[in-house]
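Trainee: Provided herewith is a single structure, encoded as structure tokens, for subsequent inquiry.
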Amino acid sequence: PAHLTPAEQLRLLTQQGAEKRWPGGLSKAISQQIEYELKVIGELQYECYFLTVHDLVAFARSRHILCQGRGSAANSVVCYCLFITEVNPDQISLLFERFISTERNEPPDIDVDFEHERREEVIQYIYQRYSRDRAALAATVITYRPRSAVRDVGKALGLDPLFIEQLSQSLAWWDRSSDLQDQFAKAGARGNMAEHFHSLLQEIQGFPRHLSQHVGGFIITRSPISTLVPVENASMPDRTVIQWDKEDIEALGLLKIDILALGMLTAIHRCFDLLSSHQGISLDMQSIPKEDSATYNMLCKADSVGVFQIESRAQMAMLPRLKPRCFYDLVIEIAIVRPGPIQGGMVHPYLKRRQGLEAVTYPHPDIKNVLERTLGIPVFQEQVIRLAMVAAGFTGGEADQLRRAMASWGKNSERNNELLGFKQKLIDGMLARGYSQDFAERLFLQIQGFGVYGFPESHSASFALLAYVSAWLKCHYPAAFYCALLNSQPMGFYSASQLVQDAQRHNIKVLPIDVRYSGWDHALETEGEGAGDTQSPALRLGLRLIKGFSHKAAQRIENTNRRFNNLNQLATAANLSRSNLNLLSSAGALKFFSENRRQTHWQALATDNSEQLLEQASASINFQTPSETENLQADYSHTGLSLGRHPMELLREQFPIFRQCKRHADLAELGHRRFVRIAGLVTGKQRPGTASGVVFLTLEDETGNSNVVVWQNVQKNCRQALLKAQLLMIKGVVETDGAVVHVIAQELTDCTELLHKTDIRSRDFR
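Spelled out as structure tokens, the structure:
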């Protein structure tokens, strides 16, 4: 309103929001915190920034776009009252100074996640509301990595394109510049040109290659933005990009809002919509029942495929050990499987204390309040900052400088020295307050660990909320959950094939793509052939799964009455080309007309709208029926998955060597340190920076997914199999830790040729 100042408007909105958040009235502590925050915001003159973020979130909610703030903003009660964040301040330990402080000259940074398929609506609203003259996205500088360097330098030197491609494909994402020499020799590159090539590659590593758009960093200014920073039109239509990156913008002191895209919000919204339309159940984020024991029982079994943030190999290995039983356990679960706690040596001590194998102790009574909720072990970044203040006497400003030095540890040598400069001050301060030298030294090592990558409690709590909601939906409405996940792809760790298999393991009936029933999206079916009932609907696969099939063609099919007696009727009613029909046939979507895909391919020839050259040709030729293996290959090649038998099941029938391999379901029964041979499809590869060069593989067979650990010596000996194999046979040793089972690889054999033309790709994560 024009009659209110920004400060008055912010106070009014905060009061209105507080009444909605706490309809029973505010506690004294919350009221005092609100007043304190408004005072700090006013002193720093950030009212307009908060009002701007509130405006964007209010717009999204008015369009029914799910959104949620994350990161340090969750430390703010004002942000919670403005509905920017969703984590109740009563659930976490607030550290507002982690978000905004009068002791540092640094603008606040609010990150807001929006549904990934609808974020563009928010971006365009920003341009309409503030104009493209005053709003733009930050840039990201893309630097040279081994493969891009090989391609660009090789092209510049005029080398054989085939040689360049073979060399680039032989490189792994984890290769260092020093590793290039070995790959050069193996590729046959020798002589002066090879030395020149290698020298240029080493020189160009890490050098800027081109600018790209930041994932969501938006700058909004009062005056035309081009008077402050250089701008350009983005390659995407209706977008403006600043030619500076995030660090440059922060150095200039410009206010930034991160407008981020999150697939899980899309999936949750789609799941709510499915439950509303099929079962008449109305749900939103706030109405999900809290602390549901069935949901936690599911997570304790590591049944978390598709669940936000806790579906990775490492998280699934942690769940049975940590055994989350409440929301705050999830907050810890998400934060503890991070480089900071891992490298700081906090994980095993915390688990021992949680499992009652080690007593919960505190080196000094003063720090009990800081560490009590995490059993005396620092897990969150805020705890480290508080420890520096409580145990070493740091001021709030000094503790924040420590945080900033932590954030840059390992990234630049100047900041490394800055963090090391705090070491003696920290130790001296702790010794003066009665702490032991040993504890002081260990605390600094933990601080260094957090410098690699430690989660703030506020950030972890924001993610834990989505983790809980997605886990609850999977537990209680699995069919709707998997359907929503599949319609929100690509996202998460798992491919559509893995999600479908997990759905089947949860007794969900999955129906094939069928031109009579399938729309563009995957859908729930409670009526018709093979459908489930209202309480346990079947999942019908959609046309979006077919590679190369257009959304427009699918819409034309949806707009017909679906009463087709032959392919001509289908082609005419939906105006489908021969190419469209061939894609449908290859994907098995025309089985209603014939179970034989060769037959439907032949029939498609007679449906072209152009002049018929084969008008007199018979459409009733009897083609040999494709084998089960050929149909499986067609399924994977054209949809990325199959509802038929798993490839490993067929391979075991055809090749005796695979019958000697144990299935995933057999591993737990073998016992610890037993020799084993396994085989499966490579569906995932990870090489975390905290794992000392170890590569983790996910191997899929007909009974589930096996986790395989590949140490560096095995990587070196079996490099090509590790990089390129789609089907691996692995000899190794089983390791068990309670319910967690791994295979330690000793030898990798590439068996991809046995898959013939099946196109199965792993999802590689760093």
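My numbering runs 12 ahead of the 1-based position in the sequence shown. No residue lacks a Cβ here, since even glycine has one placed at the ideal position from N, Cα and C. Treat the numbers as computed from the prediction; the structure is a model and nothing was measured.
Can you give me the Cβ contacts of P375 inside the same chain, cut-off strictly under 7 angstroms, excluding the 5 residues immediately before and after it?
Mentor: Only Y447, S448, F451 meet the Cβ criterion.
Trainee: Hey, how far is the Cα of S398 from the Cα of I261?
Mentor: Inspection of the sequence shows that residue 398 is occupied by Arg rather than by Ser. Taking the straight line from one Cα to the other gives about 29 angstroms.
Trainee: Using a Cβ-Cβ cut-off of 7 angstroms (strictly less than) and excluding sequence neighbours within five positions of L653, which residues of its own chain qualify?
Mentor: The answer, listed in chain order, is A508, S509, V512, D647.
Trainee: Exposed or buried, what is N573 when buried is set at 16 or more other beta-carbons lying within 10 Å of its beta-carbon?
Mentor: That one is exposed.
Trainee: For the alpha helix (DSSP H) containing N587, name the first residue and the last one.
Mentor: Neither: N587 is in no alpha helix (DSSP H) and is coded neither H nor E.
Trainee: Can you give me the Cβ contacts of Q628 inside the same chain, cut-off strictly under 8 angstroms, excluding the 5 residues immediately before and after it?
Mentor: In this predicted model, Q628 has a pLDDT of only 49, less than 50, meaning its place in the structure is not dependable enough to derive any value.
Trainee: What does the alpha-carbon distance come out to for the pair A476 and P353?
Mentor: If you take the alpha carbons of A476 and P353, they lie about 17 angstroms apart.
Trainee: Would you please state the rounded distance, in angstroms, between the beta carbons of A30 and L24? I believe it to be under 8 angstroms.
Mentor: Not really, about 11 angstroms apart at Cβ, beyond 8 angstroms.
Trainee: What residue range is occupied by the uninterrupted beta strand (DSSP E) comprising W256?
Mentor: Element bounds for W256: 252-257.
Trainee: Three or more C-beta pairs closer than 8 angstroms, one from the segment 477-490 and one from the segment 317-324: is that the case here?
Mentor: The segment 477-490, when compared against the segment 317-324, does touch it at the 8 angstroms Cβ threshold.
Trainee: Is it buried or exposed, M248, if we count other Cβ atoms within 10 angstroms and call 16 or more buried?
Mentor: Per the 10 Å Cβ criterion, exposed.
Trainee: Which stretch, first to last residue, makes up the beta strand (DSSP E) that contains M741?
Mentor: Note, M741: beta strand (DSSP E), 739-749.
Trainee: From Y61 to E98, what distance separates their C-alpha atoms?
Mentor: Distance between the alpha carbons of Y61 and E98 is about 19 angstroms.
Trainee: Does DSSP put I669 in a helix, in a strand, or in coil?
Mentor: I669 falls in the helix class under three-state DSSP.
Trainee: Taking only three categories from DSSP, how would you classify F175?
Mentor: It is helical.
Trainee: Can you give the Cα-Cα distance for I520 and N594, rounded to whole angstroms?
Mentor: Going by the C-alpha atoms only, they are around 29 angstroms apart.
Trainee: Note the first and the last residue of the continuous beta strand (DSSP E) segment covering T761.
Mentor: Here the beta strand (DSSP E) through T761 covers 752-762.
Trainee: So is E759 buried or exposed if we call it buried at 16+ other beta carbons inside 10 Å?
Mentor: E759 comes out exposed.
Trainee: Just how far apart, CA to CA, sit E765 and Q395?
Mentor: So the alpha carbons of these two residues sit roughly 53 angstroms apart.
Trainee: Which residue comes first and which comes last in the alpha helix (DSSP H) that contains R415?
Mentor: Run containing R415: 408-419, per the alpha helix (DSSP H) assignment.
Trainee: Go through its chain and collect everything with a Cβ distance to S425's Cβ below 6 angstroms, but skip five positions before and after it.
Mentor: Low local confidence applies: a pLDDT of 49 at S425 is under 50, so the model's placement there is unreliable, and no value is given.
Trainee: What are the partner residues of N717, as DSSP defines its beta bridges?
Mentor: BP columns for N717 point to E712.
Trainee: Keeping to the same chain, check which residues put their C-beta closer than 6 angstroms to that of N717; ignore five residues upstream and five downstream.
Mentor: Closer than 6 angstroms at the Cβ level, and outside the excluded window around N717, lie T710.
Trainee: Count Cβ pairs between the segment 72-81 and the segment 38-49 that sit closer than 8 angstroms; are there 3 or more?
Mentor: The segment 72-81 vs the segment 38-49: no contact.
Trainee: Would DSSP call E115 helix, strand or coil?
Mentor: Three-state DSSP puts E115 in coil, outside helix and strand.
Trainee: Sorted by chain position, which residues of the same chain lie with C-beta nearer than 8 angstroms to E20's C-beta, five sequence neighbours on each side aside?
Mentor: Excluding residues within five positions, none has a Cβ falling inside 8 angstroms.
Trainee: May I ask you to report which of helix, strand or coil DSSP gives C79?
Mentor: Of the three classes helix, strand and coil, the one that applies to C79 here is strand, per DSSP.
Trainee: So for D121, helix, strand or coil by DSSP?
Mentor: DSSP places D121 in strand when its eight states are reduced to three.
Trainee: With which residues is V243 paired in a DSSP beta bridge?
Mentor: DSSP, once it has assigned bridges, lists I254 as partnering V243.
Trainee: Who are the near neighbours of R415 in its chain, counting only those whose CB is closer than 6 angstroms to its CB and skipping five residues on each side?
Mentor: Within the same chain, R415 has close Cβ partners I397.
Trainee: Which runs of the alpha helix (DSSP H), 4 residues or longer, sit entirely within the segment 320-382?
Mentor: Qualifying alpha helix (DSSP H) stretches, in chain order: 325-334, 339-348, 351-355, 359-366.
Trainee: Take E623 and list the residues in its own chain whose beta-carbon comes closer than 8 angstroms to its own, dropping the five residues that flank it on each side.
Mentor: With a pLDDT of 47 at E623, under the threshold of 50, the predicted position of this residue should be treated as unreliable, though the coordinate-derived value follows. Taken in chain order, the list of residues that qualify is empty.
Trainee: On the DSSP bridge list, what partners appear for F126?
Mentor: Note: F126 sits in a beta bridge opposite C79, A273.
Trainee: If I'm right that L740 touches T715 with Cβ under 8 angstroms, what's the distance once you round it to whole angstroms?
Mentor: The pair is not a contact, with the Cβ atoms about 16 angstroms apart (cut-off 8 angstroms).
Trainee: What residue does the beta strand (DSSP E) around S224 start on, and which one ends it?
Mentor: Counting along the chain, the beta strand (DSSP E) containing S224 begins and ends at 220-232.
Trainee: Using only the alpha-carbon positions, how far apart do S288 and G218 sit?
Mentor: Each residue's Cα considered, the two are about 50 angstroms apart.
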